[in-house]
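Before any comments, here is the structure.
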Amino acid sequence: MIMSERKVISGSDVMAHAVKMCRPKVLPMFPITPSTLIPERLSEFVFNGELDAKLIHVESEHSAISALYGVYATGVRSFTATASQGLALMHEIIPIVSGSRFPAVMAVANRALSGPLNIWNDQSDTISERDQGWIQLYCENNQEAFDTLIMAYKIAENSKVLTPVMVCVDGFYLTHAYEPVQIEDQKDVDEFLPEYKPLDFLDTSSPKTFGAFAQPNSYMDFKLEQEIAMENALKVISEVNSEFGKKFGRTYGDGLIETYNTSKAKVALLCLGSVGGTIKEVIDEYKKKGKEIGLIRLKSYRPFPTEQLKKVTKNIKAIGVIDKHASIGFGGALTNDVKAALFGEKVQIESFMAGLGGRDIDRAKIRDAIETMMKGKSGKWLK
Amino acid sequence: MAKEKKEVVEKKDTTKVNASGIPLNMGAVILEPGSTKKYKTGEWRTFIPMIDSTKCIKCGQCWMTCPDAAIFKAEDGSFRINYTYCKGCLLCEKVCPVKCISHKVEEK
Amino acid sequence: MAVLGIDEKEYFASGHRACAGCGEALAIRHILKAAGQKTMMVMATGCMEVVSTPYPETSWELPWVHCAFENASAVASGVRAALEAKGEHDTNVIAIGGDGSSFDIGFGSLSGAFERGTKFLYVCTDNEAYMNTGIQRSGATFPFANTTTSPAGKVIHGKQEPKKPLPFILAAHGAKYIATASVMNLFDLNKKVKKALATNGPTFITVFVPCIPGWKIDSSATIDISKKAFETNVYPLYEIEDGVLKITQKPTEKKPVEEYLMMQGRFKHVTPDIAKKIQEYVDARMKFLEENDGKKIFDTLF
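Residue numbers (our numbering), protein chains in the order written: chain V, 157 to 539; chain X, 1452 to 1559; chain G, 31 to 332.
Have a look at this one:
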């Protein structure tokens, strides 16, 4: 039994601890840098008798997500973790998991997609999967990673949602960096996250068919159902965030967006993930010099919190988006989504492509983005 | 207790149905096993097989060999064709050891 | 209730959209009769999956799950692990895929599930091509067969490669029970399925199932062609049990391979020269089986 403790621990390690506390019964796993410590630590837990779960050491990530599908079809809570090429290999099955409305949780250690091969951090892997019907929650630090993993199950398994969740953590910056984290007590986590009780699952006493083929006369309706569930998720994510706060004393904005110093700011940067930490440091620097710069950190990327974003940016005149994935041929993917959400609002939005393939986003680059926005200039690649 | 019961009943009655009348079970799960029995594959037939039950020796080979389970055992132990599903493949005729099954072009 | 000692209950309901005379439908009907009610099915994308589950209808009277084309074995590993986690140890898990899924695109996940020792029966319904997509060649396509991607052309006459020896590959993984079966002997198929399901570990049966449009044959020819395939040694029936090879049935009179080839449109281009090559190919494979009949040819690792 885990007793509540404060530990200096790496992101992937603490996520493995969070998974253990959520009591999954089956773990299909395949290693890939930089998510590898997660299957390693989980294997250690199982082999040492600390976690009562069946490990399936599959031979590929495609089989990891496929086995995960089989586990959820049989009505059992599960988990897997991957990154980059692994997620890309899973791509075929990703929309099948969401289309089947299995409330799976997967940790993704954000890493650049190959071409050329690169093991370092950017967000090209998960952003490339944004259309596949999974909820995507991004974390700034290891505490948030631990907390979000636990919240993810509660969000996914909510009867109005029943949609799988990707918990995204920047590879190496979070997975391999050591930070102090409050690891909660197992008893408290059990109270927060009840047992998984699915309605439909493979059962010889009540034979059901999963994975039928739907013709044009019904397929589209199922997709609409998924869209409605995603809209419900906007509310549920906020509710779970509040509940988590009440239970454990920590919240992340309203669960969908976290803001930093936006009350007086006219210029803000917008980002997903850990770069938010660096941005906050630079914002503090500017504040000392009497300049108010804001940070809008999206925690939920899918469902995209359009109304919430409109609210927090009401008094902001210029937003610089830190893009960590180029939708080649149309620029920053995150910027394009933000522009679509804020269409019609009186705000200048610019894209700052940064950090691709793990190129460091240091304070100088953040200052560059801020200065560019303050001068009303165009966005650029922060190479 | 009464409230819980009411919720369950409400859930069952409100299975969504789309404009074409197709039920929309969550995740496209099919809840009713064997529901293809509603579809009459017998309408596919060109040739119609006929068993002469006076000659049938009740060996069961036709029942074994039908890919559509369209042959059933009658009360007297002989085998009969279920024309609702029989597709007219004529495998039963081929395997019958006493050749008591014949066929003709079906008149529709 | 039983007819000829076979469970009378139908687990694969009528009304499915398989072609008239479909060998695969017949095989599956009997595989499930051997397995019984306490069975969960995992199926790969293919003819059977498509003809049996046109939403909102299903032919399956058992719990059934389909995910994609190449991952039935991985899904089965997940199902089995979940059953064990729930404490349900006596439920059969049967994964079924066509030769396209088993020999080719799903080969990796099939090997993985066998390497992990997943307790399940994998059945390959082998009609020797990707039939659901319109008759393209697979690793199981018989040499010189005409398919749309290995056509009987003016320069190259049908598929040039030999049939991938999948039963031996899986036996080499150390699985305790491997068998070949055919719709020409449904009692044998029933027995082999029961034997496989009683085995603790991964097991494999490949079933010879003629395809009406794919082989260009009459809908009533399914059983006759299967019989001929057996009599000409084109499709021998054997088991590899605990690593020991055993031919389970031998033809009383061996027939020349031409008698099999001439029954099917997919071989109608075969000249006496090609028929000779095919005869040599069939004889060589049968010779290997006969020479090793009764011998331990693989170690079992579970």
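Cβ atoms here follow ideal geometry from the backbone N, Cα and C, with glycine treated the same way. This structure is a prediction, so every number in the text was calculated from the model and none was measured.
Contacts with chain G (Cβ-Cβ distance below 7 Å) from the stretch 331-342 of chain V involve no residue at all.
Judged by DSSP secondary structure, V/Pro-336 falls outside any alpha helix (DSSP H) and instead within the beta strand (DSSP E) spanning 334-339. C-alpha of G/Val-300 to C-alpha of G/Leu-56: approximately 29 Å in a straight line. The beta carbon of V/Glu-285 does not come within 8 Å of any beta carbon belonging to chain G, so the residue lies off that interface. As DSSP reads the structure, G/Lys-63 sits in no beta bridge. For V/Ser-374, the chain X residues whose C-beta falls within less than 8 Å of its own C-beta are Asn-1469, Ser-1471, Ile-1473, Leu-1475 and Ala-1479, listed in chain order. For the pair V/Gly-485 and V/Phe-508, the CB atoms are not nearer than the 8 Å cut-off. Within the stretch 191-244 of chain V, complete beta strand (DSSP E) segments of at least 3 residues are found at 210-213 and 236-238, given in chain order.
The criterion of a C-beta distance shorter than 8 Å is satisfied by V/Met-177 and V/Ile-306. When secondary structure is reduced to three states using DSSP, X/Lys-1555 falls in the strand class. Per DSSP, the beta-bridge partners of G/Gln-166 are G/Tyr-160. Here X/Val-1549 carries a coil assignment [DSSP, helix/strand/coil]. Taking 8 Å as the threshold, the shortest C-beta distance from G/Arg-59 to chain X falls below it. For G/Gly-45, the closest Cβ of chain X is nearer than 8 Å.
Among the bridge pairs identified by DSSP, V/Asn-266 is matched with V/Asp-326.
Judged by DSSP in its simplified three-state form, G/Met-214 adopts coil rather than helix or strand. When DSSP assignments are scanned along the stretch 388-456 of chain V, the uninterrupted stretches of alpha helix (DSSP H) that are 4 or more residues long and fall wholly within it turn out to be 431-444. Taking a contact to require three or more Cβ pairs closer than 8 Å, the stretch 387-406 of chain V and the stretch 306-316 of chain V qualify as touching.
Excluding five sequence positions before and after V/His-218, the CB atoms of its chain that fall closer than 8 Å to its own CB belong to Leu-245, Met-246, Glu-248 and Ile-249, given in chain order. The C-beta of G/Ile-124 comes no closer than 8 Å to any C-beta of chain X. Beta-bridge partners of G/Asn-122 (DSSP): G/Thr-69. Beyond the five residues adjoining it in sequence on each side, G/Met-31 comes within less than 8 Å, by CB distance, of Asp-37, Glu-38 and Lys-39 in the same chain, given in chain order.
A direct Cα-Cα distance of roughly 42 Å separates G/Ser-132 from V/Val-392.
Taking 8 Å as the CB threshold, V/Val-227 lines the interface with chain G. Between the C-alpha atoms of G/Ala-314 and V/Thr-189 there is a straight-line separation of about 48 Å. For V/Lys-536, DSSP records a beta bridge to V/Phe-508. Nearest to X/Ser-1504 by alpha-carbon distance, out of X/Lys-1524, X/Thr-1516 and X/Thr-1497, is X/Lys-1524.
Within a 10 Å sphere around the beta-carbon of V/Arg-519 sit fewer than 16 other beta-carbons, which makes this residue exposed. At a C-beta separation below 7 Å, X/Cys-1540 has these neighbours in chain G: Ala-50, Gly-51, Ser-249 and Ser-250. The beta carbons of V/Pro-184 and V/Thr-236 sit closer together than 8 Å. In its chain, beyond the 5 residues on either side, Gly-204 and Gly-273 have a beta carbon closer than 7 Å to the beta carbon of G/Asp-329.
Taking 8 Å as the threshold, the shortest C-beta distance from G/Cys-154 to chain V does not fall below it.
Counting the other Cβ atoms within 10 Å of the Cβ of V/Gln-241 gives 16 or more, which makes it buried. Annotation: the continuous beta strand (DSSP E) that includes V/Val-164 extends over 161-166. Shown here for G/Ile-242: same chain residues with a beta carbon closer than 6 Å to its own, the five before and five after excluded, namely Cys-49, Gly-51 and Ser-249 in chain order.
Residue contact with chain G for X/Ser-1486: present (Cβ-Cβ distance below 8 Å to some residue of chain G).
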